[in-house]
Amino acid sequence: MLTVNAVAATSATDPLVRTTVERRDVGPRDVLIEIRYAGICHSDIHTVRGEWGKVPYPLTVGHEIVGVVTEVGASVTRHQTGDRVGVGCMVNSCRECDNCKAGQEQYCLTGNTGTYASVDRDGTVTQGGYSTHVVVDEDFVLRVPESIPYEKAAPLLCAGITTYSPLSHWKAGPGTKVAVVGMGGLGHMAVKIAAAMGADVTVLSQTLSKKDDGLAFGAESYYATSDKETFKTLANTFDLIVNTVSAPIDMAAYLGMLRLDGTFVSVGAPPEPLPVQVFSLFNNRRSFAGSSIGGIAETQEMLDFCAERGIASEVEVITADQVDEAYERVLKSDVRYRFVIDIDTLR
Ligand code: NAP
Ligand code: ZN
Ligand code: ZN
Numbered sequence: 243m244l245t246v247n248a249v250a251a252t253s254a255t256d257p258l259v260r261t262t263v264e265r266r267d268v269g270p271r272d273v274l275i276e277i278r279y280a281g282i283c284h285s286d287i288h289t290v291r292g293e294w295g296k297v298p299y300p301l302t303v304g305h306e307i308v309g310v311v312t313e314v315g316a317s318v319t320r321h322q323t324g325d326r327v328g329v330g331c332m333v334n335s336c337r338e339c340d341n342c343k344a345g346q347e348q349y350c351l352t353g354n355t356g357t358y359a360s361v362d363r364d365g366t367v368t369q370g371g372y373s374t375h376v377v378v379d380e381d382f383v384l385r386v387p388e389s390i391p392y393e394k395a396a397p398l399l400c401a402g403i404t405t406y407s408p409l410s411h412w413k414a415g416p417g418t419k420v421a422v423v424g425m426g427g428l429g430h431m432a433v434k435i436a437a438a439m440g441a442d443v444t445v446l447s448q449t450l451s452k453k454d455d456g457l458a459f460g461a462e463s464y465y466a467t468s469d470k471e472t473f474k475t476l477a478n479t480f481d482l483i484v485n486t487v488s489a490p491i492d493m494a495a496y497l498g499m500l501r502l503d504g505t506f507v508s509v510g511a512p513p514e515p516l517p518v519q520v521f522s523l524f525n526n527r528r529s530f531a532g533s534s535i536g537g538i539a540e541t542q543e544m545l546d547f548c549a550e551r552g553i554a555s556e557v558e559v560i561t562a563d564q565v566d567e568a569y570e571r572v573l574k575s576d577v578r579y580r581f582v583i584d585i586d587t588l589r
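All you need for our numbering is the position in the sequence shown, starting with 1, plus 242.
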């Protein structure tokens with residue numbers, strides 16, 4: 243067992259504390275990763291604040307992990323010491339159910355093993371990436387392309403794949419009109435990825451304060467949702483709306499912007515319901531969908547796609563002691579566009 247430095251939540255309200263967590267011995271199929279950077283996802287905040295349910299405190303969160311392989315188990319074939327690697331939101335799945343066999347491990351029918359707050363095969367609770375090292379089964383470890391700096395790669399492991407997967411599934415590309423609701427961590431990646439896929443991208447943000455950035459990330463248009471006119475101007479417009487908002491929104495207003503056969507997909511995960519009046523789906527034969535991260539093969543595809551297209555996350559690097567402050571800024575939508583912890587500050 244390896245005892246490593248970490249930052250943990252001890253309750254829904256207390257500041258995070260510096261502590262240590264235990265990592266299992268490197269098994270035959272495991273990889274030991276020395277973590278370099280860990281992104282801060284809004285899901286970390288929902289989780290530690292108990293918004294999604296009971297929390298196994300003390301808990302170390304973080305599922306946007308990049309680092310270097312420092313040890314591999316005897317049967318590991320996919321990774322070597324010195325490799326640049328990443329770990330996202332899951333570290334295992336059953337591998338036998340229909341969804342796992344289809345490469346959709348995130349939808350494992352027995353539930354995937356989350357990178358944090360899940361019960362691991364040995365019965366311990368998984369602890370996430372706000373820590374100096376992690377031991378992960380090689381099949382759930384991704385290759386991080388050389389051309390993407392570590393800190394800019396970290397957010398791709400959740401924000402990148404969570405937006406790439408629905409954009410790819412609903413075929414964003416030339417000739418499609420895509421709207422991205424909320425331009426935070428996920429939203430800014432959705433804009434960059436959808437634009438790189440060739441879609442005509444519109445940002446729907448609360449205000450116009452980030453308009454220049456949105457256009458620089460590849461959007462064609464940018465509207466404020468605080469302006470009621472936006473919903474009239476854009477009625478019956480989009481093939482796909484990707485909602486990244488962490489709070490409830492007025493579904494009828496957003497569904498009204500879908501054109502014939504358009505889909506509204508929520509990746510945003512507010513604890514409250516998003517109520518839908520079915521009549522707002524009847525017009526234009528609209529669909530309301532959800533999407534959860536992406537499979538392992540698809541995550542690798544996304545990383546390679548980002549490297550090929552020269553895209554990565556916009557980040558603000560912070561120390562391990564600035565996480566509480568960063569959480570507060572995320573909650574105020576004051577993030578440009580992902581906080582990433584420099585894990586060297588935890589060593
Ligand atoms: P984030 O950085 O906080 O971005 C959310 C954005 O939503 C904000 O920047 C803001 O954008 C907008 N927003 C926030 N509060 C709002 C409100 N009350 N009304 C309207 N707009 C609001 O968060 P994130 O890390 O991107 O995560 C977004 C959501 O996705 C979270 O709920 C997270 O848990 C979830 N998530 C889901 C998955 C999945 O697999 N489905 C994976 C990762 C994260 P503007 O300033 O532009 O308005
Ligand atoms: Zn996340
Ligand atoms: Zn499965």
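Beta carbons are placed, not taken as given, at the ideal position from N, Cα and C, and that holds for glycine. Predicted, not measured: the structure shown is a model, and the values here were computed from it.
Tell me which residue opens and which closes the beta strand (DSSP E) that residue i is part of.
i      : result
Ser468 : No beta strand (DSSP E) contains Ser468, which DSSP labels as neither H nor E.
Glu558 : Val557 to Ile560
Asp481 : Phe480 to Asn485
Phe506 : Leu500 to Ser508
Ile307 : Ile307 to Val314
Val263 : Val259 to Arg265
Arg571 : No beta strand (DSSP E) holds Arg571; the alpha helix (DSSP H) holding it covers Val565 to Leu573.
Glu276 : Asp272 to Gly281
Gly292 : First-last for Gly292: undefined, no H or E at that position.
Between the Cα of residue i and those of the options, spot the shortest distance and give me the residue it belongs to.
i      : options                           : result
Ala254 : Lys343, Gly345 and Ile287         : Ile287
Glu293 : Tyr299, Ser285 and Glu306         : Ser285
Leu500 : Phe524, Ser488, Ala250 and Glu514 : Phe524
Asp272 : Glu388, Glu264 and Arg320         : Arg320
Leu301 : Val290, Gly309 and Gly295         : Val290
Thr479 : Thr486, Val422 and Ser488         : Val422
Glu543 : Ser488, Thr405 and Asp503         : Thr405
Gly281 : Val308, Asp362 and Ala466         : Val308
Val559 : Thr587, Asp454, Val318 and Gly324 : Thr587
Arg580 : Cys400, Glu388 and Ala359         : Cys400
Ser468 : His411, Ser451, Gly295 and Leu497 : Ser451
Glu556 : Ser335, Thr262 and Val433         : Val433
Does any heavy atom of ligand 2 sit closer than 7 angstroms to the C-beta of residue i?
i      : result
His305 : yes
Cβ-heavy atom distance between residue i and ligand 1 below 7 angstroms?
i      : result
Ser534 : yes
Gly504 : no
Ile491 : yes
Pro517 : no
Met332 : no
Ser410 : no
Ser447 : yes
Ala568 : no
Leu497 : no
Met243 : no
Sorry if obvious, but does the Cβ on residue i come closer than 7 angstroms to a heavy atom of ligand 3?
i      : result
Leu258 : no
Arg337 : yes
Asn341 : yes
Thr374 : no
Thr467 : no
Cys350 : yes
Would you kindly report the start and end of the unbroken alpha helix (DSSP H) that includes residue i?
i      : result
Ile535 : Premise fails: Ile535 is in no alpha helix (DSSP H) and is neither H nor E.
Asp340 : Asp340 to Lys343
Asp442 : Taken as a continuous stretch (DSSP letters only), Asp442 belongs to no alpha helix (DSSP H), being part of the beta strand (DSSP E) at Asp442 to Ser447.
Leu497 : Met493 to Leu497
Ala437 : Gly427 to Met439
When you compare the CB positions of residue i and residue j, do they come within less than 8 angstroms of one another, or not?
i      : j      : result
Val582 : Glu393 : yes
Ala461 : Ala494 : no
Thr486 : Gly426 : yes
Thr252 : Val259 : yes
Val484 : Leu409 : yes
Phe312 : Val329 : The question names Phe, yet the displayed sequence has Thr at residue 312. It is not a contact, given that the beta carbons lie outside the stated cut-off.
Met439 : Gly402 : no
Tyr372 : Ala248 : yes
Thr355 : Asp362 : yes
Arg527 : Phe506 : no
Phe327 : Val268 : Rather than Phe, the amino acid found at residue 327 in this sequence is Val. Contact flag unset, no.
Ala466 : Ser447 : yes
Query raised in the report: Listed in chain order, which residues are found with a beta carbon closer than 5 angstroms to a heavy atom of ligand 2?
Result: Cys283, Ser285 and Cys400
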